[in-house]
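Asker:
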Amino acid sequence: MSAPASSMSPTAAFGVGLARAGAGAVIFGLPMFMTQEMWHLPVYMPEWKLIALLALFFPFLVALSWHAGFENTFSWRDDVVDALVAYAVGFAISGAMLWLLGVIDERTSLRAGVGQVALQAVPASIGALLAQSQLGERDPARSTRGGVNHWGSDLFIMAVGALFLCFNMAPTEEMALIAMQVGEPLAIALIALSLAVMHAFVYGVAFRGRPRPARGLAGWRLFLHSTLSGYLVALAISAGMLWIFGRLDGLSVSAGIQAVVVLGLPAAVGAAAARLIL
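One point on numbering: in numbering that gives the first Met the number 0, the residue at position 64 of the sequence shown is 63, and numbering is uninterrupted.
#1: Taking contact to mean at least 3 C-beta pairs separated by less than 8 Å, is the region 113 to 131 in contact with the region 189 to 200?
#2: Is there a Cβ of chain C sitting closer than 7 Å to that of residue 256, yes or no?
#3: Residues in its own chain within less than 8 Å of residue 33 by CB, not counting five upstream and five downstream?
#4: Comparing alpha-carbon positions, which option in 176, 243, 93, 275 lies nearest residue 258?
#5: Give the straight-line distance between the Cα atoms of residue 241 and residue 114, rounded to the nearest whole angstrom.
#6: Using the Cα positions of residue 116 and residue 239, report the straight-line distance between them to the nearest angstrom.
#7: Cutting at 7 Å between CB atoms, please list the residues of its own chain near residue 48, excluding the five before and the five after it.
#8: Who are the Cβ neighbours of residue 256 in its own chain at under 6 Å, not counting the five residues just before and after it?
#9: Pull up the CB-CB distance for residue 126 and residue 26, whole angstroms please, since I reckon it's below 8 Å.
#10: Please confirm whether residue 160 and residue 272 have their CB atoms less than 7 Å apart.
#11: Is it buried or exposed for residue 81, if we count other Cβ within 10 angstroms and need 16 for buried?
#12: Report the rounded CA-to-CA distance for residue 208 versus residue 276, giving the unit in angstroms.
So this is what it looks like as structure tokens:
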């Protein structure tokens, strides 16, 4: 049996955290490493969009480190370092996996290879940072960090879950196909289903890990405060991912809204699951 993290030297503890980060990057990134659309998107995706995604995602990683990094951190400076290491792990694991899967080889152009690795590094880095909370030992020192129970923290955790599932599905052709098949009545039904599933997952069916509602919140107040606000976050993440991947290009306003609502269903499920797990 390995020694508990608390009895390790700082160097050994960091090494263990780094190994967990690599494992988390593989586990969380594997579905996207093996998705054809994720191989092809960086080839024709505008460079400025990819650079913007990487730049805008970094503060998200810093905040995620505050909640659940792969080693204990005690200041924002530590969280920035944590996020940089997660990015480095994400890039390294993405490059290695794409090479092992034959996506990148000696015929791949430099631009295409860098773009493919950079895009895959985003979800992989999420896995690297979540590895501590999902694969590591529970550390009481973190309970006052990621375990802070307030509305803003709840919304951020839901955004993490929504972003992860959106990264799995937003690049695929199926999202556009389903959006084309969905009319306004079905779009409204999907909104109702998303809200119902989201509320039931977190508060209705007594899953382990469900959060306690804030004092004085129950019924419709709880629904509006937690579920509806979380769903709006999921829709915002869905719209952003569809835009980044060019899935809204050429669509009318109504078709674009329908696409966002379609992706909003798995985003809502991811957001609800994150509230239970993280």
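Backbone N, C-alpha and C define an ideal beta-carbon position, used for all residues, glycine too.
Answerer: Quick look at the numbers:
#1: no
#2: Structure shown: chain C not included; a single protein chain is present.
#3: Excluding sequence neighbours, residue 33 sits near 100.
#4: Nearest C-alpha to residue 258: 176.
#5: 18 Å
#6: The straight-line gap from Cα to Cα measures roughly 20 Å.
#7: 243
#8: none
#9: 6 Å
#10: yes
#11: With 16 or more other Cβ atoms inside 10 Å of its own Cβ, residue 81 counts as buried.
#12: Legend: pLDDT at residue 208 = 47, less than 50; position of this residue unreliable, no value from coordinates given.
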